[in-house]
Amino acid sequence: MKIQKTPYYSWRAGELIDGCKQCVKGEKLVLFVTGLCSSRCDFCPLSDKKLYKDVIYANERPLEGEGEVKAIIEEAEACDARGAGITGGDPLVKLERTIKYIKLLKKKFGKDFHIHLYTPLELVNEKKLSLLCEAGLDEIRFHPKLENSGEWHKILIAKNKKLGWKVGVEIPVIPGREKETKKLINFIKGKVDFLNLNELELADNAVWKKKEGVKCKDSTSYAIKGSEELAKKLLKYSASLGIRTHFCTCKLKDKVQLANRIARRAARVKKSFDTITEDGMLVRGAVYLPGLAPGFGYREKLYGLTSAEKKKILNKLNSIREELLREEELPAHMLLLDEHKLRLITSPWLARIIKHEGVVRAVVTEYPTFDAVEIEVDVLS
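Position one of the sequence shown corresponds to residue 0 (numbering that gives the first Met the number 0), numbered consecutively onward.
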């Protein structure tokens, strides 16, 4: 099988699987169903805020309470998703929740809304796989442990012809584990539809903080030294066995997958007064109350507010908005209340000319994601 470089900073032997085709275009909603996990991997990529915690995220949007279904649909629409990747943790730990979300997305967006799922092998059995497939799952990606070959046979359950989905193996490429990885590759030959090899990436979590002697390949990358070189050797090996394989780099995830997803979301969520930069960031004007403007401890303050405190702040901002609309004779759509970040948003030029006592005005460059992380804040005097 011939190895080819893709336009996405990656290499492949054979055609990309459908889930990957959508992923590189930024067309997938990333649905994190739980941080709880049946496995304890040596190189878990989750952040500490997700690691082994029962939290739910749709892309960057945290979900909780009765509004989670509505929020998932809103986020899928906001990023113009054509499919979803369900991940964790281990989605099988919360199987009922996972099935509920698969059915929800298929019902809302139709059978062509492609859904793939990642899971370790610990909780895999025939009944659970059947339930996932019946719910509408199109593609399943297993994370087998290299050191636990006794579990590998569970992959074969998923290849039951009655299920009719695509079955693959996806693993990080760990330097120093060539022999063990080749053993796995030999095992899956002729038994799966594809193999994905991921460049190993440094994560800021409690698992990684225990690692010693692990280095990034250069000062500008989170990719681990030696992972790319081994991945290319393994790609060549799996291709020689006729296995459809993709080596996915950290650069692909950052510069292609994430960048394209952000660009799609920016185009959908931008307001009439926003400007989109070449990188897909939003440039907009903002009006803050003192003490709630971006600065040291800003997000801690924002997320630490009680519901009653938020309501009081929003009422005050709404009063300021009504005053400004009247005084400046502005159309209502040019000055909006941002209920998530507790501020008013407008055009950069309006932020510069607005005059009102007791507010902080700024021109902000930020991600178009739900959390709207600030890249640059120019506070206006």
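Ideal Cβ placement from N, Cα and C applies to all residues, glycine included.
Taking C-beta separations shorter than 8 Å and ignoring five residues to either side along the sequence, the partners of tyrosine 236 in its chain run Lys181 and Ile184, following chain order.
Residue pairing by DSSP places phenylalanine 108 in no beta bridge whatsoever.
In the structure shown, the three-state DSSP call for aspartate 253 is helix. Collapsing the DSSP output to three states places alanine 134 in a helix. For tyrosine 287, the enclosing beta strand (DSSP E) starts and ends at 281–287. Apart from sequence neighbours up to five positions away, the residues of its chain that approach lysine 250 with a beta-carbon distance below 6 Å are Tyr8, ordered along the chain. In this structure, the CA atom of arginine 264 is about 15 Å from the CA atom of leucine 30. Tryptophan 348 sits in a helix when the DSSP states are folded into three classes. Put simply, of Ala202, Ala230 and Lys231 the residue whose alpha carbon is nearest the alpha carbon of serine 220 is Ala202.
Its Cα nearest to that of glutamate 299, the residue Asp370 stands out among Asp370, Ala331 and Leu234. Leaving aside the five residues that flank alanine 266 on each side, the residues in its chain whose CB is nearer than 8 Å to its CB run, in chain order, Asp79 and Ile275. Under DSSP, glutamate 198 takes part in a beta bridge, and its partners are Val172.
Inter-residue distance for serine 148 and histidine 245 is about 22 Å (C-alpha atoms, whole angstroms). Scanning Asn317, Arg260, Ile173 and Leu155 for the CA closest to the CA of glutamate 338 turns up Asn317. Taking 9 Å as the cut-off, the beta carbon of leucine 145 is found closer than this to the beta carbon of glutamate 179.
If you check the CB distance, histidine 332 and valine 286 do not come in under 9 Å.
Lysine 102 has its alpha-carbon roughly 21 Å from the corresponding atom of glycine 34. Taking the Cα positions, valine 54 is about 11 Å away from aspartate 47. Beta-carbon to beta-carbon, cysteine 36 and glycine 87 are separated by about 6 Å, close enough to satisfy the 8 Å threshold. Glycine 241 is positioned such that its CB atom lies no closer than 9 Å to that of lysine 190. Nearest in C-alpha terms to glutamate 373, of all of Leu349, Asn159 and Val362, is Val362.
Boundaries around cysteine 22 are those of the alpha helix (DSSP H), 17–23, since no beta strand (DSSP E) includes it.
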